[in-house]
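Under this note's numbering, the first residue of the sequence shown carries the number 54, and numbering increases by one thereafter. We put the CB at the ideal spot given by N, CA and C, even for glycine.
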Amino acid sequence: GKVPMTPQTKFRMASHSKLFTATAIMQLREQGKLHLDDSVSKHLPWFALKDPQVTREITVRDLLTHRAGLPNTDFLWYGQTNSARTVLERLRLVEPAYSLRSSFVYQNLMYAAAGAVVEAASGIPWARFIETRIFEPLRMSDSIATAETSTRLAERMQILARTDVVTGLLNRAGLNHHMVERLSQMRP
């Protein structure tokens with residue numbers, strides 16, 4: 054059966070997590086903990102793309118603008134349960150689709166990398182940063198960042214998304230598939 058939408062209806066965060074990730078980056082910028090033109094490797098020394106020059110040149114700003122030179126890389130994480138770092142380390146195997154900053158391809162994994170930058174620059178896990186620095190000050194008490202934080206709300210959740218729409222989402226790129234599966238099982 055279908056669940057009627059009400060003002061209390063809850064939705065997956067999914068790509069809205071990009072807004073929160075970008076906000077977190079800007080908060081850290083305002084605190085002087087990072088600069089948009091910092092190289093990603095300054096914050097994530099293990100981060101690498103196939104082209105070593107692009108690895109040296111790609112910036113935090115590039116992570117947020119979908120202009121990293123990569124093709125769509127969803128195949129690296131979709132339907133899998135690997136850690137964000139494991140998936141991001143696979144980027145070194147991906148052939149560039151165009152030169153850095155010359156075009157636009159929507160990139161979930163660059164936002165996963167931006168989430169890792171948030172963690173590195175703040176010393177706080179991405180989900181905790183989002184909850185304490187964004188959700189709590191805005192009194193977004195029914196908002197959750199990851200499956201791990203969902204248990205406190207699970208009994209109140211209603212969801213209008215199909216489980217097969219998004220599975221295996223990285224915690225840093227939205228709710229992961231375990232969360233979607235758990236919530237979908239709670240439908241009346």
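Find the nearest neighbour of residue i within the set the options, judged by alpha-carbon distance.
| i | options | result |
| --- | --- | --- |
| R138 | A173, Q106, E184 | A173 |
| H88 | A150, A167, Q133, P57 | A167 |
| A75 | A165, R181, Q106 | A165 |
| L144 | P105, S155, S175, L117 | P105 |
| R181 | A77, R120, K86, Q61 | A77 |
| V140 | F188, F100, T118 | F100 |
| D115 | S94, Y131, R186, Q84 | S94 |
| L81 | S175, L153, S194 | S175 |
| L153 | N135, F128, L117 | L117 |
| I177 | P57, K55, K86, F128 | K86 |
With 16 as the cutoff for other CB atoms within 10 Å, does residue i come out buried or exposed?
| i | result |
| --- | --- |
| R192 | exposed |
| M163 | buried |
| L146 | exposed |
| H69 | exposed |
| E208 | Caution applies to E208, whose pLDDT of 31 falls short of 50 and renders its modelled position unreliable; the value that the coordinates give is listed next. Exposed, since its Cβ has fewer than 16 Cβ neighbours within 10 Å. |
| L72 | exposed |
| T17 | Within the shown structure, residues of the chain are numbered from 54 to 241, placing residue 17 beyond reach of any answer. |
| V171 | buried |
| T62 | exposed |
| T126 | buried |
According to DSSP, what are the bridge partners of residue i?
| i | result |
| --- | --- |
| S92 | T112 |
Just to confirm my understanding: we take residue i, look at its own chain, exclude 5 residues before and 5 after, and list those with CB closer than 7 angstroms. What are they?
| i | result |
| --- | --- |
| D91 | T112, V113 |
| Q238 | Note that Q238 scores 44 on pLDDT, short of 50, meaning its location in the model is unreliable; the coordinates nonetheless yield the value given after this. For Q238, where only same-chain residues beyond five positions count, there are no Cβ hits under 7 angstroms. |
Consider the Cβ of residue i: report whether some Cβ of chain C lies at a distance smaller than 8 angstroms.
| i | result |
| --- | --- |
| G132 | Absent from the structure is chain C; it holds one protein chain and no more. |
Quick one: residues in its chain with C-beta nearer than 8 angstroms to the C-beta of residue i, no 5 flanking neighbours on either side, listed in chain order?
| i | result |
| --- | --- |
| L102 | T108, I111, A121, G122, L123, L144, R145, V147, P149 |
| H119 | F157, V158, Y159, Q160, M163 |
Excluding five sequence neighbours on each side, which residues of the same chain lie with their C-beta closer than 6 angstroms to the C-beta of residue i?
| i | result |
| --- | --- |
| A169 | L97 |
| F188 | S196 |
| Y151 | G122 |
| A198 | A180, I183, E184 |
| P60 | none |
Would the C-beta of residue i count as close to the ligand SAM, meaning under 7 angstroms from any of its heavy atoms?
| i | result |
| --- | --- |
| R143 | By its list of ligands, the structure shown contains no ligand whatsoever, and the ligand SAM lies outside what it can speak to. |
TODO: Please list the segments of the alpha helix (DSSP H) lying wholly inside the segment 101-165, counting only runs of 4 or more residues, in order along the chain.
DONE: 105-110, 113-118, 137-142
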